[in-house]
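*Asks:* Counting in the working numbering, the sequence shown runs from 5 upward without gaps. Don't be surprised by glycine CBs; every beta carbon is placed ideally from N, CA and C.
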Amino acid sequence: MLVIGIAAGASGQSLEDETVSRLAEYLRVDTVNPPGNESNAVDFFAKLLDAEGIPYESVESAPGRGNLWARLEGGNEPALILLNHTDVVPADESYWTTDPFSGEIRDGYLWGRGALDMKGTGMLQFQAFIALKRAGKPLNRDVIFMATADEEAGGFYGAGWLVENRPELFEGVGFVLNEGGGGSRSGDTVSFGIEVTQKVPLWLRLIASDAPGHGSTPRVSSAVSRLIRALSNIDHYEFAPRIVPAVEIYFEGIAEDQQGNRRSQFANLSEAVKDPSFLLALQLDNPFLHALLRNTCSITRLEGSSKINVVPPEVTAEIDCRLLPDQDQDAFVTLLHSVINDPAVRVEKIMGFTPAVSTTDTDLYRAITTVAERHFPGARVVPSISTGFTDSHFLRDLGIVCYGFDPTIIPVEIEGSVHGNDERVPVASLRDGVRHLLEILELVVY
């Protein structure tokens with residue numbers, strides 16, 4: 005049944021070995037954003053596609069901002085896109101125990117920036133894609149491998165640019181597999197989340213204004229003091245918890261895996277959130293789960309005077325707000341104005357996306373569930389909501405069903421290395437992951 009047995013390439017390596025070695029090489033390709041340089045990744049994949057005899061196209065949305073796609077043609081069923089982004093966030097080597105761009109294999113892990121987010125997923129997708137080509141079996145639908153730029157900075161030079169400038173690429177597409185969900189192991193417990201929606205990013209700039217002056221003669225108020233008060237008000241404001249349906253379903257799905265009171269609390273979430281001690285304990289224990297229960301804002305950037313002895317007329321801060329899918333953005337900004345409570349501090353919108361939820365009533369969702377339960381009997385497989393955003397929102401806006409899912413099992417203790425230090429992926433999980441992804445595809449493309 006499984007095409008994995010004939011998926012080895014000309015090198016003679018098994019698909020699993022080839023996946024590991026190619027990911028190690030891919031992690032060495034410089035695509036740090038900013039500035040991006042994703043055309044380096046396009047060159048990397050182009051060479052591999054040439055070797056497989058698979059035609060592809062690529063385009064730069066701006067100099068160095070490359071995007072690539074390749075298509076295996078099939079029958080008339082709605083097409084499936086394997087979507088991944090090639091850019092990675094910066095990494096400071098002084099905080100790592102290895103070179104973050106070495107692709108080193110050590111202690112059973114493959115180390116490097118992007119191993120989890122999301123060059124690892126991208127390589128699984130690519131290897132499963134070429135395995136379908138090597139099998140030579142007729143497909144019931146087109147399968148498209150799409151590697152895009154700029155997701156880490158909003159996707160406007162990547163998936164968003166393609167939607168705007170190459171809309172024909174998405175005609176006839178019914179499904180997308182992307183990042184955002186997957187498998188997690190805590191002790192002996194394995195659980196899977198299939199991302200079907202996301203909290204909505206709303207990036208805001210706060211601009212405080214007041215009279216300028218010399219640092220030696222402070223006034224009663226200044227732009228800086230106004231901004232400090234505004235940020236303090238936001239930082240101390242507790243946004244009211246609110247349970248949206250996707251979150252309630254997710255908590256109910258993982259309730260049986262919890263210990264003690266958490267089991268009943270997760271199963272009866274609408275009651276649990278009325279208890280402030282539950283919310284505080286959850287935030288301390290699991291900030292991710294806590295963030296699913298309310299709107300959040302994180303203060304991330306500050307800009308003040310250009311000189312230490314100059315009191316500036318204007319200072320700014322940028323805050324990263326993530327809204328529940330049913331939150332009206334204008335109403336939220338109005339609330340922030342009331343929290344700030346200072347007419348000399350104005351709020352500007354930098355970026356905001358629209359919410360959408362993908363249905364779980366599809367053959368692809370059922371295929372993911374089938375394969376997960378096949379290899380991990382008793383594992384929880386539930387639809388999930390992501391606190392972060394991915395490029396899926398661009399395609400959900402087109403009415404395309406998008407799932408965030410990577411079958412790689414990640415130990416809970418290294419999940420924090422995403423955008424952090426010592427990012428790494430278990431080699432054994434990579435090897436299993438490419439097989440399991442291929443099994444999922446087999447259920448929906450034949």
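1) Since T358 contacts D401 with CB under 8 Å, what's their CB separation in whole angstroms?
2) Taking 8 Å as the threshold (C-beta atoms), are T125 and E183 in contact?
3) Thinking just about the alpha-carbon of each residue, which of D47, W115, T363 is nearest to the one in T90?
4) Leaving out five residues before and five after P38 in sequence, what residues of the same chain have Cβ atoms less than 6 Å from its Cβ?
5) Helix or strand or just coil, what does DSSP make of T102?
6) Hey, out of M150, E352, R138, D96, whose CA is closest to L19's CA?
7) So is K123 buried or exposed if we call it buried at 16+ other beta carbons inside 10 Å?
8) What do you get for M127, buried or exposed, if any count of 16 or more other CB atoms within 10 angstroms of its CB means buried?
9) Should the segment 260-275 be called in touch with the segment 366-377, which here means at least 3 C-beta pairs below 8 Å?
10) Thinking A132 and L445 are a contact (beta carbons under 8 Å), I'd like their distance in whole angstroms, please.
11) Pop quiz: F393 and P205 are said to be a contact at Cβ under 8 Å. What is the actual Cβ separation, rounded to whole angstroms?
12) At the level of alpha carbons, what is the spacing between A157 and E42?
13) Should I312 be labelled buried (16 or more other beta-carbon atoms within 10 Å of its own) or exposed?
14) So for Y113, helix, strand or coil by DSSP?
15) Cutting at 6 Å between CB atoms, please list the residues of its own chain near G437, excluding the five before and the five after it.
16) Taking V319 and A212 to be in contact with their CB atoms under 8 Å, please state how far apart those CB atoms are, rounded to whole angstroms.
17) According to DSSP, which residues form a beta bridge with V385?
18) Can you tell which of S390, F179, V194 has the C-alpha that lies nearest to the C-alpha of A295?
19) Can you give me the C-alpha to C-alpha distance between N88 and P317, rounded to a whole angstrom?
20) Quick one: any contact between the segment 223-240 and the segment 278-294, if contact means 3 or more CB pairs under 8 Å?
21) Taking buried to mean at least 16 other C-beta atoms within 10 Å of its own C-beta, is G191 buried or exposed?
22) Tell me which residues share the same chain as G308 and place their Cβ nearer than 7 Å to its Cβ, disregarding the 5 neighbours each side in the sequence.
23) Among L293, N265, A215, which one has its Cα closest to the Cα of V253?
24) By how many angstroms is the C-alpha of L339 removed from the C-alpha of D121?
25) Does the Cβ-Cβ distance between A153 and N71 come in under 8 Å?
26) Would you tell me roughly how many angstroms separate the C-alpha atoms of G118 and S362, rounded to the nearest one?
27) Do you know how far the Cα of W207 is from the Cα of A432?
28) Taking buried to mean at least 16 other C-beta atoms within 10 Å of its own C-beta, is E417 buried or exposed?
29) Does the beta-carbon distance from S388 to V180 come in below 8 Å?
30) Got a sec, what are the start and stop residues for the beta strand (DSSP E) F179 sits in?
*Replies:* Taking the structure as given:
1) Beta-carbon to beta-carbon, T358 and D401 are separated by about 6 Å, close enough to satisfy the 8 Å threshold.
2) The Cβ atoms of E183 and T125 sit closer than 8 Å to each other.
3) Nearest C-alpha to T90: D47.
4) So no residue of the chain qualifies.
5) Reduced to three states, the DSSP call for T102 is coil.
6) Residue R138 is the option with its Cα nearest to L19.
7) Classification of K123: buried, given that the 10 Å Cβ count is 16 or more.
8) Buried: at least 16 other Cβ atoms inside 10 Å.
9) The segment 260-275 makes no contact with the segment 366-377, as fewer than three CB pairs between them are under 8 Å.
10) Rounded, the Cβ-Cβ distance is 6 Å, consistent with contact.
11) P205 and F393 do touch by the CB rule: their CB atoms are close to 5 Å apart, below 8 Å.
12) When the Cα atoms are used, A157 and E42 turn out to be separated by approximately 13 Å.
13) Label assigned to I312: exposed.
14) The three-state secondary structure of Y113, taken from DSSP, is strand.
15) Excluding sequence positions up to five before and after G437, its CB lies within less than 6 Å of the CB of L128, P411, T412, all in the same chain and listed in chain order.
16) Rounded, the Cβ-Cβ distance is 5 Å, consistent with contact.
17) Answer is F196, bridged to V385.
18) The shortest CA-to-CA distance from A295 to any of S390, F179, V194 is the one to S390.
19) CA-CA distance, N88 to P317, rounds to 43 Å.
20) Judged by pairs of C-beta atoms under 8 Å, the segment 223-240 does not touch the segment 278-294, as fewer than three such pairs exist.
21) By the 10 Å Cβ count, G191 comes out exposed.
22) Result list for G308: V228, P316, V319, in chain order.
23) The sequence given here places Ile at residue 253; Val does not occur at that position. With distances taken between Cα atoms, I253 lies closest to L293.
24) C-alpha separation (whole angstroms): 33 Å.
25) Their beta carbons are under 8 Å apart, which means A153 touches N71 by this criterion.
26) When rounded, the distance between both Cα atoms is 26 Å.
27) Distance between the alpha carbons of A432 and W207: 38 Å.
28) By the neighbour-count rule (16 or more Cβ atoms within 10 Å), E417 is not buried but exposed.
29) Judged by beta-carbon spacing, V180 lies beyond the 8 Å limit of S388, meaning their Cβ atoms are not closer than that value.
30) For F179, the enclosing beta strand (DSSP E) covers residues 177-190.
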